[in-house]
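Numbering (the working numbering), first residue to last: 2 to 267.
What follows is a set of notes on a single structure, which appears directly below.
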């Protein structure tokens, strides 16, 4: 088990209000609008606000009593819904670990646009791969994958503090971001063939679509003073604690999704 929980990349210009707002909005929607619903009401909510590929790319339509908003709007709303508490927590931890630095590197407005565009592109990538799918897609992972791509381009050598546990061996170690994100990316490609042959579960194509979008947009949206491929602080692959004097934020846990609603969690 590997548990990345913080980095050595401190903020310099105040709280990341956009990142905090996204986390708060996702939490409020899940805790106050999704969680209290019964099974039937919850399914109807996800059908109304989640993204269903066949509604955009095919001829199928929802029953009129389930329609909440135009189908094109669900490209946005789906990324603020989640399929379970662990899905929500996993996504929000990853967003907190990487998102605050990208918000500072881009500026708040450009970061918000970047986040939403990566989410939409990830959602469309999922739809292009399986355009006749009738399963609703929910989750912020497409957008967060774009954020991870931006972090990889700007701070590939920033160290991520990782807790590890293997049988009887456990401890913490500093691992460069390019290794942490690279391992995550390897997992996505490894899981892609199986994901393409299943209904429901994790929408890997949304992750990869959002990640690719992040790679493309980052050089254009980063502030002029922000260079790509920066080096960072603490020694890699050591047990040395990150510098507490400059550390200002908590980190992330790996994304976990739980299939409860016959929906694609991402």
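Glycine is no exception: its CB is placed at the ideal position from the N, C-alpha and C atoms.
Only a predicted model underlies this, so the values are computations on that prediction, with no experimental measurement involved.
In terms of alpha-carbon separation, which member of 29, 67, 212 and 28 lies closest to residue 186? Sequence index remark: in the chain shown, residue 186 carries index 185 (1-based). Minimum Cα-Cα distance from residue 186 among the listed residues 29, 67, 212 and 28 corresponds to 212.
Buried or exposed, going by whether 16 or more other CB atoms sit within 10 Å of the CB of residue 144? Residue mapping note: residue 144 aligns to position 143 of the chain shown, counting from 1. Taking all protein chains in view, the Cβ of residue 144 is crowded by 16 or more other Cβ atoms within 10 Å, so the residue is classified as buried.
Burial state of residue 76, where buried means 16 or more other Cβ atoms lie within 10 Å: As a working mapping, residue 76 is identified with position 75 in the chain shown. Buried.
What number of angstroms, rounded off, separates the C-alpha of residue 231 from the C-alpha of residue 38? Here residue 231 refers to the residue found at position 230 of the chain shown. Here residue 38 refers to the residue found at position 37 of the chain shown. Rounded to the nearest angstrom, the two C-alpha atoms are 46 angstroms apart.
For the 8 angstroms Cβ check, are there 3 or more pairs between the stretch 207-223 and the stretch 139-156? yes
Out of curiosity, what's the CA-to-CA distance linking residue 138 and residue 6? Position 137 of the chain shown, counting from 1, holds the residue named residue 138. Position 5 of the chain shown, counting from 1, holds the residue named residue 6. Cα to Cα, the separation comes out at about 27 angstroms.
Within 10 angstroms of its Cβ, does residue 2 collect 16 or more other Cβ (buried), or is it exposed? Position 1 of the chain shown, counted from the first residue, corresponds to residue 2. Answer is exposed; the Cβ neighbour count stays below 16.
Going by DSSP, what residues sit across from residue 8 in a beta bridge? Position 7 of the chain shown holds residue 8. Paired residue(s): 161.
State buried or exposed for residue 104, treating a residue as buried only when at least 16 other CB atoms are found within 10 Å of its CB. As a first step, residue 104 must be located in the chain shown, where it is residue number 103. With 16 or more other Cβ atoms within 10 Å, it is buried.
Mind checking which residues open and close the beta strand (DSSP E) that includes residue 225? By one-based count along the chain shown, residue 225 stands at place 224. No beta strand (DSSP E) holds residue 225; DSSP gives it neither H nor E.
Is it true that the stretch 118-137 meets the stretch 65-72, where meeting means three or more beta-carbon pairs spaced less than 8 angstroms apart? Verdict: no, contact absent.
Cβ-based burial, residue 206 [other Cβ within 10 Å; buried from 16]: Position 205 of the chain shown holds residue 206. Looking at its Cβ environment, which holds 16 or more other Cβ atoms inside 10 Å, residue 206 is buried.
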